[in-house]
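K.L.:
Dropping the structure in here first, questions after.
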Amino acid sequence: MKRFPALGASLALLLAAGCGEQTVAPRFTTLHVDTLLVCGTARYSVRYDFTSIANASEDAALQAIEEANIRNFFDLEYSPGSARQAADTALADLYAEMIPDQETEYAWENTLSAQSDAAVVADTLLVYTIDMSGYSGGAHGYYGRTVRNYSLKGGYDLMLNDLFDATQRDLLDELIRDKLYDRYGVADDVGLAAEGFFPEEIAATENFAIGEQGITFYYNPYDIGCYALGDVEVHIGFDELKELENL
């Protein structure tokens with residue numbers, strides 16, 4: 011994997027247009043699937059809205075990104091082919107989970123809704139977002155967001171270690187914590203704990219999105235706090251990231 015220089019100066023090096031090398035611009039389409047699975051007294055309402063790269067076959071990097079998105083979106087260990095084939099595989103897996111409950115005396119109904127979106131940043135990155143929600147029993151439903159940042163030049167997923175060295179990672183963790191202190195009006199981890207956070211879990215997450223103005227880190231329920239706290243987003247602008255540049 012290509013390693014990028016330390017992040018700073020508004021990600022100028024990272025977001026420079028592929029170092030002068032032309033990349034194939036992705037074209038997007040959406041696969042819609044809305045169905046009800048029925049097995050005995052069990053019912054499973056499923057909706058998929060999958061953003062697909064229509065011209066993935068034109069470029070190896072786009073094809074790699076498409077296959078990764080298919081696996082992540084449909085929660086598969088491998089890509090069985092097209093997005094439609096992946097949807098059918100995922101639905102078959104869900105139906106198989108329902109079979110043991112078909113003879114129960116009570117009816118249960120699960121729901122699953124998954125949507126994805128894609129955005130190109132500075133012609134060099136594809137930021138892919140998956141939002142998922144549903145209900146599978148218990149006191150409340152579930153929801154969450156997953157984000158991946160892909161190089162349009164290489165087709166691989168950018169990770170924090172591609173952007174920050176070890177020292178910068180530590181300082182980034184401190185910056186995120188300080189932002190939460192300010193947002194919730196507390197002075198320390200004790201205050202965050204009182205708000206429902208798990209202070210020992212607070213750190214930069216791989217669930218982030220690179221944008222034109224900075225980086226946003228996404229924390230789903232239970233990632234760094236209790237369910238009642240909800241989802242938490244922490245945005246760090248490029249002006250703040252500049253402070254890490256020369257460390």
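If you count the sequence shown from 1, you need to add 10 to reach the working numbering.
By construction, the Cβ of each residue, glycine as well, lies at the ideal position given by its N, Cα and C atoms.
Quick check on residue 210: does DSSP put it in helix, strand or coil?
P.N.:
For the purposes of this step, residue 210 is identified with residue 200 of the sequence shown, where counting begins at 1. Residue 210: helix per DSSP, three-state reduction.
K.L.:
Taking only the alpha-carbon atoms, compute the straight-line gap between residue 276 and residue 133 and give it to the nearest angstrom.
P.N.:
Because the chain is modelled from 11 through 257, residue 276 falls outside the range shown and cannot be assessed.
K.L.:
Taking residue 203 as the reference, give the member of 178, 219, 189 and 234 with the closest Cα.
P.N.:
Position 193 of the sequence shown, counted from the start, is the residue given in the question as residue 203. Of the candidates 178, 219, 189 and 234, the one whose C-alpha sits nearest the C-alpha of residue 203 is 234.
K.L.:
Ignore the nearest five residues each way along the sequence and tell me which others in residue 229's own chain have a CB closer than 8 Å to its CB.
P.N.:
Sequence index remark: in the sequence shown, residue 229 carries index 219 (1-based). Hits under 8 Å: 215, 217, 235, 241, 242, 243 and 244.
K.L.:
State buried or exposed for residue 252, treating a residue as buried only when at least 16 other CB atoms are found within 10 Å of its CB.
P.N.:
Here the question's residue 252 lines up with position 242 in the sequence shown. By the 10 Å Cβ count, residue 252 comes out exposed.
K.L.:
Count the other CB atoms within 10 Å of the CB of residue 223; is the residue buried (16 or more) or exposed (fewer)?
P.N.:
Looking up residue 223 in the sequence shown gives position 213. Label assigned to residue 223: exposed.
K.L.:
Are residue 126 and residue 61 closer than 8 Å when you measure CB to CB?
P.N.:
Looking up residue 126 in the sequence shown gives position 116. Looking up residue 61 in the sequence shown gives position 51. Contact flag set, yes.
K.L.:
Roughly how many whole angstroms lie between the Cα atoms of residue 88 and residue 153?
P.N.:
Indexing the sequence shown from 1 puts residue 88 at position 78. Indexing the sequence shown from 1 puts residue 153 at position 143. Those two C-alpha atoms are separated by around 24 Å.
K.L.:
Based on DSSP bridge pairs, tell me the residues matched to residue 135.
P.N.:
Indexing the sequence shown from 1 puts residue 135 at position 125. In DSSP, residue 135 forms a bridge with 131 and 161.
K.L.:
Under a three-way DSSP split, which group does residue 37 fall into?
P.N.:
As a position in the sequence shown, residue 37 is number 27, starting the count at 1. Three-state DSSP puts residue 37 in coil, outside helix and strand.
K.L.:
Would you kindly report the start and end of the unbroken beta strand (DSSP E) that includes residue 96?
P.N.:
Along the sequence shown, read from residue 1 onward, the residue named residue 96 stands at position 86. Where residue 96 is concerned, there is no enclosing beta strand (DSSP E), although the alpha helix (DSSP H) it sits in stretches over 93 to 108.
K.L.:
Whose CA, out of 225, 39 and 49, lies closest to the CA of residue 118?
P.N.:
Taking the first residue of the sequence shown as 1, we reach residue 118 at position 108. Nearest C-alpha to residue 118: 49.
K.L.:
Which whole-angstrom value describes the C-beta separation of residue 64 and residue 45, a residue pair presumed to lie in contact below a C-beta threshold of 8 Å?
P.N.:
The count along the sequence shown starts at 1 and reaches residue 64 at position 54. The count along the sequence shown starts at 1 and reaches residue 45 at position 35. Going by Cβ atoms, the distance from residue 64 to residue 45 rounds to 23 Å, so no, they are not a contact pair.
K.L.:
Closest to residue 9 by C-alpha separation, out of 194, 80, 250 and 91, would be which residue?
P.N.:
Outside the shown range of the chain, which is 11 to 257, sits residue 9, and nothing can be said about it.
K.L.:
Look at the alpha carbon of residue 193 and the alpha carbon of residue 67, and state the distance between them as a whole number of angstroms.
P.N.:
The sequence position of residue 193 within the sequence shown is 183, counting from 1. The sequence position of residue 67 within the sequence shown is 57, counting from 1. Looking at the two C-alpha atoms, the distance is approximately 45 Å.
K.L.:
Does DSSP put residue 3 in a helix, a strand or coil?
P.N.:
Missing from the structure shown is residue 3; the chain here goes from 11 to 257 and no further.
K.L.:
Please name the residue, chosen from 239, 199, 176 and 225, that lies closest to residue 249 on a Cα-to-Cα basis.
P.N.:
The count along the sequence shown starts at 1 and reaches residue 249 at position 239. 225 is the residue among 239, 199, 176 and 225 whose C-alpha sits nearest the C-alpha of residue 249.
K.L.:
Between residue 237 and the rest of its own chain, which residues show a CB-CB distance below 6 Å, the 5 nearest in sequence each way excluded?
P.N.:
Your numbering for residue 237 matches position 227 in the sequence shown. 231, listed in sequence order.
K.L.:
Please report the straight-line C-alpha distance between residue 52 and residue 86, rounded to a whole angstrom.
P.N.:
Indexing the sequence shown from 1 puts residue 52 at position 42. Indexing the sequence shown from 1 puts residue 86 at position 76. Approximately 23 Å between the Cα atoms of the pair.
K.L.:
Expressed to the nearest angstrom, what Euclidean distance is found between the alpha-carbon atoms of residue 82 and residue 70?
P.N.:
For this step, residue 82 is matched to residue 72 along the sequence shown. For this step, residue 70 is matched to residue 60 along the sequence shown. Going by the C-alpha atoms only, they are around 18 Å apart.
K.L.:
At the level of alpha carbons, what is the spacing between residue 129 and residue 136?
P.N.:
Working through the sequence shown from its first residue, we reach residue 129 at position 119. Working through the sequence shown from its first residue, we reach residue 136 at position 126. Each residue's alpha carbon lies about 6 Å from the other.
K.L.:
Around the Cβ of residue 149, are there at least 16 other Cβ atoms within 10 angstroms (buried) or fewer (exposed)?
P.N.:
Indexing the sequence shown from 1 puts residue 149 at position 139. That one is exposed.
K.L.:
Could you have a look at residue 51 and say whether DSSP puts it in helix, strand or coil?
P.N.:
Taking the sequence shown and counting its residues from 1, the one referred to as residue 51 is at position 41. Looking at residue 51 - three-state DSSP - the assignment turns out to be coil, as it is neither helix nor strand.
K.L.:
Report the option in 184, 197 and 219 whose CA atom is closest to the CA atom of residue 211.
P.N.:
Residue 211 sits at position 201 when you count from the first residue of the sequence shown. The shortest Cα separation from residue 211 among 184, 197 and 219 belongs to 184.
K.L.:
For residue 41 versus residue 101, is the C-beta spacing smaller than 8 Å?
P.N.:
Here residue 41 refers to the residue found at position 31 of the sequence shown. Here residue 101 refers to the residue found at position 91 of the sequence shown. No, Cβ-Cβ distance for residue 41 and residue 101 is not below 8 Å.
K.L.:
Would DSSP call residue 43 helix, strand or coil?
P.N.:
For the purposes of this step, residue 43 is taken as residue 33 along the sequence shown, with counting starting at 1. Residue 43: strand per DSSP, three-state reduction.
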